[in-house]
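Q: In full-length UniProt numbering, the protein residues as written are 1 to 77.
Beta carbons: idealized from backbone N, C-alpha and C, even for Gly.
What you are looking at is a predicted structure, and each value in this text was computed from that prediction instead of being measured.
1) With distances taken from CA atoms, which of 71, 34, 45 and 33 is nearest residue 12?
2) For a cutoff of 9 Å on Cβ pairs, would you count residue 20 as touching chain C?
3) Compare the C-alpha of residue 38 against each of 63, 10, 7 and 68 and name the closest.
4) To the nearest angstrom, how far is it from the Cα of residue 58 to the Cα of residue 43?
5) Thinking C-beta only, is residue 27 closer than 9 Å to residue 33?
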């Protein structure tokens, strides 16, 4: 992937992470579930610094789970 494509992908991932964080904040779930989901997003954010394509795939799975109502169970860390 050339530098321009990588920068574009960073921009896309950053925008989607922002949306994901807003959606998690708006959820009506117990605090421990919200904290676990926020931690997952922080892990994806950190991964994007080293592997933006991999982070984008992880974010896609996270968003799909969120869309389908599959929330993180904090007891299964």
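A: The short version:
1) 45
2) Structure shown: chain C not included; a single protein chain is present.
3) 63
4) 10 Å
5) yes
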